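Asker: Have a look at this one.
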Amino acid sequence: MPNLRCCSSSSLSLPAESYIYQLCAAGPASLAAISSDNSLRRFDRSSLALLPDGLVKETHAAGVSSLCAAGDGLLATCGKDGTVKLWDARRAGAVAVFQADKGMPLLSLACNASSHSIVAGTELVKPDAFVLFWDTRSPGKTCRQYVESHNDDVTEIQFHPSRPSVLLSGSTDGLVNIYDTTVPEEEDALVQVVKHSSIHHAGFMQDKAVYALSHDEMFSIHPVTSADEDDSHADEVKAVEFGDVRPVLKAEYVVQVLVDAAGSYVASGRTSDRSLSLTPLVHTPEFHFEQSNSWMLPGAHGEEVVRSVLFDSESRTVYTCGEDGHVRLWKEEPASSAELSSIRPTKQRKEKGYKPY
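Position 299 of the sequence shown, counted from 1, bears residue number 299 in full-length UniProt numbering, the numbering being contiguous throughout.
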């Protein structure tokens, strides 16, 4: 199992005892992070240095909860104050604000520039949890709401990678839902429901599959079905119930699933021996872990939990952040001739619940 080495580490000038929650690409030369001090920080991909004018100190009145790229150099954040905000590195302050009805706290967020869409998931606001839609061309109140599809916190929102009208939501109610957003009525727009357990992360794996990862590290993969005429991909993927993946991965917690053109990987860690690993998921013909090609990140973030991992396949660079309040940059060991492409699929101080926030 090849090792990556930590080439650079930065606190991004955060206050002591801060967590870094999430990383996001912010342009060809920069990344962004949100943290427990309620800030948004842009920094250089190579040096990890905080950029001039790269700090937004107070993003949301009640705390920031999610971050994503919004296209055209914009970043989007959502927060417990019931707002989504767009940020432009070229301008001070938020360039647009989108408001949830009654200030419902927002937990999860996705943007699609091609359809001018922002979608966010709310906390449970009894008796309902909401999936809220905005049109970026009309800042302000929502243009659509799904109010019946979940009955607990909506912890994940994601657009399909190639079909911007297809949307996924996941919730602590144990459901992963897939919608055709071209259909006006919520009941008819819901085209697939995957039953799992309390969703920590869920998402699409290219065009063919959807994964579900629970807060207790139960993991499963399912074929994507839809109302589209062409459902040929559903026959290519068989559902796999992995159960608790910690014993298989020899891990204490799972950070997330990484998906890009190079393949799919599960990032998992151990605080007891200060380690992080990236294990490829291979589809030949059923999905399974290719542990012999795992990449190890020794030292990880010390005895603290890793919160987010970002993989740049072009530069063969891995970025991590965690509860130690640092961002780290990882590359191949100089003595290793292996390349990150070797892990591509042949086709294609805290409580140990490790909840996101």
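Using N, Cα and C, we set each Cβ at its ideal position, and we do this for glycine too.
Note that this is a predicted model, so its numbers are computed, not measured.
1) Please name the residue in 305, 166, 257 whose C-alpha comes closest to that of residue 322.
2) I'd like the list of long-range same chain contacts for residue 219, defined as Cβ closer than 6 Å, with 5 residues on each side in sequence excluded.
3) State the start and end residues of the unbroken alpha helix (DSSP H) segment that holds residue 188.
4) Is the Cβ-Cβ distance between residue 266 and residue 254 less than 8 Å?
5) Note the first and the last residue of the continuous alpha helix (DSSP H) segment covering residue 249.
6) Determine, using beta carbons only, whether residue 35 and residue 55 come nearer to each other than 8 Å.
7) Measuring straight from C-alpha to C-alpha, what distance separates residue 5 and residue 32?
8) My understanding is that residue 155 touches residue 172, with C-beta atoms under 8 Å, so please give their C-beta distance in whole angstroms.
9) With a threshold of 16 other CB atoms inside 10 Å of the CB of residue 318, please say whether the residue is buried or exposed.
10) Within 10 angstroms of its Cβ, does residue 85 collect 16 or more other Cβ (buried), or is it exposed?
11) Starting from the C-beta of residue 108, find all residues in its chain whose C-beta is less than 6 Å away, skip the five residues before and the five after it, and write them out in chain order.
12) Rounded to whole angstroms, what is the Cα-Cα separation between residue 259 and residue 206?
13) Give the single residue among 22, 2, 238 whose Cα lies nearest to the Cα of residue 325.
14) Is the beta carbon of residue 328 sitting closer than 8 Å to the one on residue 8?
15) Cα-Cα, which of 189, 147, 169, 330 is closest to residue 315?
16) Please state whether the Cβ-Cβ distance between residue 3 and residue 333 is less than 8 Å.
Answerer: In terms of the structure at hand:
1) 305
2) 213, 242, 245
3) 186-189
4) yes
5) 246-249
6) no
7) 22 Å
8) 6 Å
9) Looking at its Cβ environment, which holds 16 or more other Cβ atoms inside 10 Å, residue 318 is buried.
10) buried
11) Excluding positions up to five away in sequence, the list reads 66, 121, 154, 155, 156, 157.
12) Rounded to the nearest angstrom, the two C-alpha atoms are 7 Å apart.
13) 22
14) Their beta carbons are under 8 Å apart, which means residue 328 touches residue 8 by this criterion.
15) Looking from the CA of residue 315, the closest CA among 189, 147, 169, 330 belongs to 330.
16) The answer is yes: Cβ separation under 8 Å.
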